[in-house]
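Below: the structure, in structure tokens.
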Amino acid sequence: MLKIILPTIMLLPTALLSPQKFLWINTTTHSLLIAALSLQWLLPTYYPHKNLTQWTGIDQISSPLLVLSCWLLPLMIMASQNHLQHEPPARKRIFITTLTMIQPFIILAFSTTELMLFYISFEATLIPTLILITRWGNQPERLSAGTYLLFYTLISSLPLLVTILHIHTQMGTLHLTMLEMIHPTLTNSWTNLLSSLALLMAFMVKAPLYGLHLWLPKAHVEAPIAGSMLLAALLLKLGGYGIMRVTLLLDPLSNLLHYPFLTLALWGALMTSSICLRQTDLKSLIAYSSVSHMGLVIAASMIQTHWAFSGAMILMISHGLTSSVLFCLANTNYERTHSRILLLTRGLQPLLPLMATWWLLANLTNMALPPTTNLMAELTIMIALFNWSTFTIILTGIATLLTASYTLFMLLTTQRGTLPTHITSIQNSSTREHLLMTLHIIPMLLLILKPELISGTPL
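Its first residue numbered 657, the sequence shown is counted upward by one per residue in the numbering used here.
Right under this line is the structure:
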């Protein structure tokens, strides 16, 4: 664990002390080396916990998410180079420092075996994200977006803290390995119902469940590109991961909790997909699509079967890469046309033909075309839900249909059609951007060859 966390922390002096000329080179290569080093966590073992220290340990649920978070740091640094071009050097350093400050907290949150440390690191990721959005966002609305993010997360996670302390007084320990052995005896009394609701609520807001998702489109639209990638690829996964961890403790969930969350998640997947069809704003469309994908993850982790858990796991990883590459592509359009409105950025395929290839690939993975891991995940989740209740096939089926239609809508509006008259000259796409898209899409295509790495089941 430490051989990843310490180099990540050492990125801070690297960013602050590198000479101006080598700032981007140093930070990017350093974080790429960390990402390469973190791939060893994917090695399958028969042990439930690998690299077990006193407070941290990696099991099959957390190792793919840890590798994903290490993998995305260099990509975020690469994506931010262009919009920080005209900033003074001190601000560039502060930006990279803020990005690297989130990283140890995310690694801790995913790898901790102790609930209190999990809560602390879960909350600590909020502060640098807030700084990213409210300082480096594009519009003045970024302040209201930051307020939404802050208060949604805080109001939902205070009951979580109280419940964790309550569990500690009841059980005498907060160690996950111990709690799994003890198994809290939950009856259907009001107190236990409320405590399990409080445990789930913080993660439901983070994941986001439909109805508690209003902060997400705001934050995504206003965030800079690194903030959007971070939110979509990692912070939403914190919610899904928390649900998977906590539902294993609340075994079995009472039906009073089961049904409302399941119905909201599935109905929300359907609703947000249909909202996507009416979007005018490109970043907002991608944000709503991630709400609908995470709805499937929530629904799957609520029914607590092996199939559902591994489907949710695969969907979280593949959605992290897919939505991240979609945000990068939206950002390349935004940097050239300075507009996120779909009608004003259409017909870009003849101008940027290679970018159109990346658009096509990213959109096909988003709508779960075979042979992508997205398809495998969605099929697994749908089968698990269908096995639990046959009625869910209607909701998931319509949601899949709508997903395909809004994805094709996004592809057609951005790439096809006549070029708007106000676009007279446009920058060429740079090698940096192509490398960025390649580093997103190659893992997506390679993972289908060995999906048990990310399926969350002990091999």
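Even glycine gets a Cβ: it sits at the ideal position worked out from N, Cα and C. Just so you know, these numbers come straight off a predicted model, no measurement behind them.
Beta-carbon within less than 7 Å of F1042's beta-carbon, same chain only, minus the 5 sequence neighbours each way: which residues are those?
T1048 and I1049
Would you mind giving the Cβ-Cβ distance between V902 and A854, rounded to the nearest angstrom? I have them listed as a contact below 8 Å.
Not quite, the Cβ-Cβ distance comes to about 10 Å (not below 8 Å), so this is no contact.
Comparing alpha-carbon positions, which option in F1065, L850 and T769 lies nearest T712?
T769
Are there three or more Cβ pairs, one per stretch, closer than 8 Å when the region 989-1008 is compared with the region 1065-1083?
yes
Quick one: is the Cβ of K874 within less than 7 Å of any heavy atom of the ligand PLP?
This structure lacks the ligand PLP; in fact it carries no ligand of any kind.
In chain order, what residues of the same chain lie with their CB nearer than 7 Å to the CB of I665, ignoring the 5 residues before and after it?
P760
Pull up the distance between the alpha-carbon of F751 and that of L788, whole angstroms please.
8 Å
Please classify T1056: does DSSP put it in a helix, a strand, or coil?
helix
Which partner residues of E991 appear in the DSSP bridge assignment?
For E991, DSSP assigns no beta-bridge partner whatsoever.
Expressed to the nearest angstrom, what Euclidean distance is found between the alpha-carbon atoms of I881 and C984?
7 Å
For Y914, the nearest candidate out of R934, A925, S974 and M857 (CA to CA)
It should be pointed out that residue 914 corresponds to His in this sequence rather than to Tyr. For the residues R934, A925, S974 and M857, the minimum Cα distance to H914 belongs to M857.
Does the CB of P815 have a neighbour CB from chain D at under 8 Å?
Here chain D cannot be found, since the structure has a single protein chain.
Based on DSSP bridge pairs, tell me the residues matched to K706.
Paired residue(s): I714.
Taking only the alpha-carbon atoms, compute the straight-line gap between Y702 and G1112 and give it to the nearest angstrom.
12 Å
Could you pull out every residue in the same chain whose Cβ sits closer than 6 Å to the Cβ of S725, ignoring the five residues on either side in sequence?
I762 and L890
Run through DSSP, which three-state label would I954 get?
helix
Delimiting residues of the alpha helix (DSSP H) encompassing L662:
L658 to L673
Determine contact between the region 861-868 and the region 727-742, defined as no fewer than three beta-carbon pairs at a distance below 8 Å.
no
Between which two residues does the alpha helix (DSSP H) containing A780 stretch?
L771 to A780
Cα-Cα separation, L1117 to T978:
Beyond the ends of the chain as shown, which are 657 and 1115, falls residue 1117; an answer cannot be given.
Would you kindly check if the distance between the Cβ of A879 and the Cβ of L892 is under 8 Å?
no
Evaluate the contact criterion for the region 704-711 versus the region 735-749: three or more CB pairs, one atom per stretch, below 8 Å.
no
Terminal residues of the alpha helix (DSSP H) in which L1020 lies
P1009 to N1022
Could you tell me which whole beta strand (DSSP E) segments of length 3 or greater appear in the region 833-885?
Runs of the beta strand (DSSP E) spanning 3 or more residues and lying entirely within the region 833-885 do not occur at all.
Pick from Q716, L679 and L982: whose alpha carbon is nearest that of L1089?
The residue you asked about is not Leu; residue 1089 is Glu in the sequence shown. Looking at the Cα atoms, L982 is the closest of the given residues.
In this structure, how does DSSP classify I1082 when only helix, strand and coil are distinguished?
DSSP places I1082 in coil when its eight states are reduced to three.
Measuring alpha carbon to alpha carbon, tell me which residue in G924, I954 and I973 is nearest T1059.
With distances taken between Cα atoms, T1059 lies closest to G924.
Short Cβ contact (8 Å threshold) for V953 with G896
Going by C-beta atoms, V953 is nearer than 8 Å to G896.
For the alpha helix (DSSP H) containing N911, list its first residue and its last residue.
N911 to C932
My assumption, with CB atoms under 8 Å, is that S1085 sits in contact with M1011. Please give the rounded CB distance.
5 Å
Could you pull the DSSP bridge partners for H831 from this structure?
E770
With a threshold of 6 Å on Cβ separation, who are the neighbours of N738 within its own chain once the five nearest residues in sequence on each side are excluded?
E991.
For I1050, does the three-state DSSP call read helix, strand or coil?
helix
Tell me whether the region 1027-1041 and the region 957-975 touch, counting them as touching only if at least three CB pairs, one residue from each stretch, are closer than 8 Å.
yes
Nearest-angstrom Cβ-Cβ length linking Y1062 and L926, presumed shorter than 8 Å
Going by Cβ atoms, the distance from Y1062 to L926 rounds to 12 Å, so no, they are not a contact pair.
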